[in-house]
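So the sequence shown is numbered by the numbering used here: it starts at 4 and just counts up by one.
Where a beta carbon is used, it is the ideal one built from N, C-alpha and C, also for glycine.
For reference, the structure is listed below as structure tokens.
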Amino acid sequence: MKTEKKKKDFKSEFGMMLALLKIGFIGFGGGSALIPVIEKEVVEERKLVTEEEFNKDVLVASITPGALPMEISTGLGKRAYGVGGMIVSALMLAFPGALITVAMLVAMSRLHSSVLTQIEILSIGISAFIACLLTEYSRKTLAEARAESKGRWKRAVVILVGVFLLTCGKAVYGILGFEGTPIVHLSTLQVLGVSMFGILYTHCKFTRKNLTVSGVLILGYIACLSFDLPYETYIYNGLRAVMVILAVWGLVRSILDDGQKKKISPKRMLQEEMAWILFFAVLSVPALLYGGHVLEFLGQGFLSSILSFGGGDAYLSVADGMFVNSGIVEKADFYGHLVPLVNLLPGSILCKTLSGIGYLLGFEMSSGSIPAGCLVALAGFACSVMASGGVFCLVSYIYECFESLSVFRLLSRWIRPIIAGTLLTVMLSLFSQNISTGAKLGCPAWIALGITALIYGMNLILLYVLRKKNGMLILCSIVATLVLGNVAILLF
4 MKTEKKKKDF KSEFGMMLAL LKIGFIGFGG GSALIPVIEK EVVEERKLVT
54 EEEFNKDVLV ASITPGALPM EISTGLGKRA YGVGGMIVSA LMLAFPGALI
104 TVAMLVAMSR LHSSVLTQIE ILSIGISAFI ACLLTEYSRK TLAEARAESK
154 GRWKRAVVIL VGVFLLTCGK AVYGILGFEG TPIVHLSTLQ VLGVSMFGIL
204 YTHCKFTRKN LTVSGVLILG YIACLSFDLP YETYIYNGLR AVMVILAVWG
254 LVRSILDDGQ KKKISPKRML QEEMAWILFF AVLSVPALLY GGHVLEFLGQ
304 GFLSSILSFG GGDAYLSVAD GMFVNSGIVE KADFYGHLVP LVNLLPGSIL
354 CKTLSGIGYL LGFEMSSGSI PAGCLVALAG FACSVMASGG VFCLVSYIYE
404 CFESLSVFRL LSRWIRPIIA GTLLTVMLSL FSQNISTGAK LGCPAWIALG
454 ITALIYGMNL ILLYVLRKKN GMLILCSIVA TLVLGNVAIL LF
């Protein structure tokens with residue numbers, strides 16, 4: 004019996020790692036876009052963790068700096084298989100994008116442009132597949148709310164639609180080809196901040212006082228982000244300060260009302276942090292032997308990772324300030340070679356960027372040695388994984404200490420419709436990105452959008468009518484995209 008159980012555990016562990024590795028290779032569209040992809044593989048198909056556990060990891064990852072999908076996989080691996088599973092899960096998800104990025108940098112001068120063209124075509128179909136799963140995530144969120152009560156379903160719809168309207172402006176402009184900035188264009192991080200303030204302050208008790216105070220502050224905050232107001236900076240900073248103070252006060256009230264936090268020994272958390280440090284040390288020591296700017300690069304890499312709020316595009320601006328302005332990497336290499344690659348290829352932008360900068364730095368320091376570049380790239384990759392995973396484990400521990408509080412139960416209860424609203428915006432962003440990719444390939448916007456819509460519709464049929472699993476959806480998306488994309492290029 005014990006032997007059978009061990010075989011079963013090994014089989015399920017291997018299956019989970021294989022699933023995360025597959026997601027790493029198809030992970031177009033950014034961190035948030037992979038939430039439903041991971042859920043479908045790990046929760047629905049393999050049933051390795053419960054949906055409640057998955058939602059907790061999504062909540063913690065959403066409020067933690069670093070690479071979001073890697074943090075989610077860290078939490079899932081830790082829940083299912085302990086410290087070892089935590090590190091291997093993060094590696095499986097993060098490694099494919101970093102590997103392909105470094106391989107492309109190595110081969111950039113020799114790589115035929117037709118190969119890059121096929122990768123760009125492929126990204127259109129994979130994005131349409133991911134958009135299908137984003138739709139399924141939103142549908143499932145509303146279905147679960149409806150199963151609980153009609154009242155909760157109505158509130159979930161209002162939250163989902165409200166978040167979508169607050170965040171979709173830039174994506175809509177991109178699809179329609181409009182120039183300029185939309186009036187309302189909050190980022191995912193800003194929406195999460197506003198949502199957490201509302202829940203922490205009101206405790207979802209919508210009295211006249213709570214609605215008035217929270218409503219005035221939130222509307223004022225949105226107005227500062229959307230309009231040019233006199234003394235805008237002072238008003239904006241003042242509103243943020245008041246919202247933070249009231250949110251903290253709401254948390255304190257919850258602690259006073261519900262009792263003290265749970266007493267959880269920090270031993271496990273310290274073991275996890277030590278495991279991350281050991282992981283980083285093993286992979287970075289060879290690069291550190293080269294000296295030069297490697298130590299400075301890794302220090303700034305860690306700092307940039309823990310400052311990485313707001314998604315991949317925001318991280319690129321952080322990386323510019325830390326690595327380009329400091330002279331660690333040349334501006335021409337960063338914007339001419341690395342940035343186009345990290346935006347084109349699957350995987351976490353944070354991991355791909357640090358791996359790519361590491362390669363460029365090592366290659367330059369060693370006067371053109373590819374092995375040296377790869378060693379420093381490996382150290383940069385280890386830095387990004389360690390920073391994201393380590394900070395996630397720390398925040399997860401803090402959350403577990405306080406999760407019995409009513410206000411944290413409310414956060415867990417309503418995080419899913421909030422995330423679903425942001426994912427609908429991500430879906431539009433994928434469509435907008437596909438239009439841009441089509442334009443690079445010489446196709447009109449309506450052709451790129453038409454191909455996206457066809458593959459998106461095909462995936463919906465495969466998912467809802469034929470009940471096919473992810474593997475079939477991915478395979479059909481790849482084949483259909485390569486055929487339609489190449490035909491479109493020949494015709495236009």
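DSSP places V40 within a helical segment (H, G or I) once states are collapsed to three.
In the DSSP assignment, N489 falls within the unbroken alpha helix (DSSP H) covering N473 to L494. Between L485 and L125 a beta carbon distance of about 7 Å is seen, short of the 8 Å cut, so the two are scored as contacting. A direct Cα-to-Cα measurement between V86 and Y140 gives close to 29 Å. With contacts defined by Cβ atoms closer than 8 Å, L195 and Y224 do not form a contacting pair. In its chain, beyond the 5 residues on either side, V91, S92 and M95 have a beta carbon closer than 8 Å to the beta carbon of M20. Secondary structure remark: continuous alpha helix (DSSP H) runs of at least 4 residues inside the region 146–186, in chain order: 153–170 and 172–179. A380 sits away from G393, with the two beta carbons spaced by 8 Å or more. In the DSSP assignment, A284 falls within the alpha helix (DSSP H) that extends over K270 to L291.
Collapsing the DSSP output to three states places E333 in coil. The three-state secondary structure of S65, taken from DSSP, is helix. Approximately 5 Å separates the beta-carbon atoms of I421 and S198; this is inside 8 Å, confirming the contact. The continuous alpha helix (DSSP H) containing N240 extends over residues E235 to D261.
Counting the other CB atoms within 10 Å of its CB gives L341 a total of 16 or more, which places it among the buried residues. Shown here, H188 sits in coil according to DSSP, grouped into three states, outside any helix or strand. Following the DSSP letters along the chain, one finds T53 in no alpha helix (DSSP H), marked with neither H nor E. The beta carbon of A290 lies closer than 6 Å to those of V297, L378, V379 and A382 in the same chain, with the five residues before and after it left out. Counting along the chain, E367 sits inside the alpha helix (DSSP H) bounded by residues I352 to M368. Straight-line measurement puts the Cα of A101 at about 11 Å from the Cα of I360. Excluding residues up to 5 positions away in sequence, L71, E74 and I75 lie with their Cβ nearer than 6 Å to the Cβ of A64 in the same chain.
The three-state reading of DSSP puts G445 in coil, since its state is none of H, G, I, E or B. For E299, the enclosing alpha helix (DSSP H) starts and ends at V297 to I309. Note that the C-beta distance between V52 and V46 is below 8 Å.
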